[in-house]
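First the structure, in the form of structure tokens, and then the observations on it.
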Amino acid sequence: MKFRLAKAADLPQIVHIYNEIIPSRLATADLEPVSVESRKAWLYSFTPSHPLWVMLGDDGQIIGWVGLEPFYGRPAYEHTAEISIYIDQTARHQGLGKQALSFVEQQLPGLAISAIVAYIFGHNQPSLALFKGFGFQEWGRLPKVAELDGIQRDLVILGKRYD
1 MKFRLAKAAD LPQIVHIYNE IIPSRLATAD LEPVSVESRK AWLYSFTPSH
51 PLWVMLGDDG QIIGWVGLEP FYGRPAYEHT AEISIYIDQT ARHQGLGKQA
101 LSFVEQQLPG LAISAIVAYI FGHNQPSLAL FKGFGFQEWG RLPKVAELDG
151 IQRDLVILGK RYD
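Letter by letter, the sequence shown follows residues 1 to 163 in the numbering used here.
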């Protein structure tokens, strides 16, 4: 698998991959599919210090994406990023999440990011295990802050420092 910076032409596939996971109620608080148009500003919010990469399969097709979004949108948090990883349903359970996290960690020295946070639903055991396997620790838990199909869900905040 290869990684490259995302570009505007990738947005339809990025949105497709994102929309695939919505019905599972595991990885996003969106309850309905999002549109390409509605995600344009989000795409353009990524910067050289907080990038968005796409994952490319052996055939060169986008099979996932990983982004480091600015945390909380204020200057004092510039060296902290919120991570998101989404993988096409046809490519899941092949270790791509591990590859994505490993890739991101290798990029950090050039990005001046010293901490990463991940917001993960408490019932998303695969994602919790992935991040904890990379040394992320629970930095917080917001009990029952999300309601997904009538079920209240916890939001777990995982974090890791890179000093």
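Even for Gly, the Cβ is constructed at its ideal location relative to N, Cα and C. What you are looking at is a predicted structure, and each value in this text was computed from that prediction instead of being measured.
Exercise for the section: Count the other C-beta atoms from every protein chain shown that fall within 10 angstroms of the C-beta of residue 151, then say buried if there are 16 or more, exposed otherwise. Expected result: If you number the sequence shown from 1, residue 151 lands on position 151. In the assembly as shown, residue 151 is an exposed residue. Its beta-carbon has fewer than 16 other beta-carbons within 10 Å.
Practice task
Tell me whether residue 147 sits in a helix, a strand or coil according to DSSP, three-state version.
Solution key: Here residue 147 refers to the residue found at position 147 when the sequence shown is read from its first residue. The three-state secondary structure of residue 147, taken from DSSP, is strand.
Handout entry: residue 68 - containing beta strand (DSSP E), residue span
Key = The residue labelled residue 68 in the question sits at position 68 within the sequence shown. Taken as a continuous stretch (DSSP letters only), the beta strand (DSSP E) holding residue 68 covers 62-70.
Exercise for the section: Measure the alpha-carbon distance for residue 89 versus residue 153 and round it to whole angstroms. Expected result: For the purposes of this step, residue 89 is taken as residue 89 along the sequence shown, with counting starting at 1. For the purposes of this step, residue 153 is taken as residue 153 along the sequence shown, with counting starting at 1. If I take the Cα positions, the gap works out to 23 Å.
Practice task
Would you mind reading off the limits of the alpha helix (DSSP H) that contains residue 14?
Solution key: For the purposes of this step, residue 14 is taken as the residue at position 14 of the sequence shown. Residues 11-21.
Problem - Outcome for residue 129 when other beta-carbon atoms lying within 10 angstroms are tallied against a minimum of 16 - result: Locating residue 129 in the sequence shown gives position 129, where the first residue counts as 1. The residue in question, residue 129, is exposed, as its Cβ has fewer than 16 Cβ neighbours within 10 Å.
Exercise for the section: Please report how far the alpha carbon of residue 7 lies from the alpha carbon of residue 24, in whole angstroms. Expected result: Stepping through the sequence shown from its first residue, residue 7 is reached at position 7. Stepping through the sequence shown from its first residue, residue 24 is reached at position 24. Going from the Cα of residue 7 to the Cα of residue 24 covers about 27 Å.
Problem - Sequence-distant residues of the same chain with beta carbon closer than 6 Å to residue 63, five excluded per side - result: Here residue 63 is taken as the residue at index 63 of the sequence shown, counted from 1. Counting only residues of its own chain and dropping the five nearest sequence neighbours on each side, residue 63 has a CB closer than 6 Å to the CB of 55, 57, 88 and 91.
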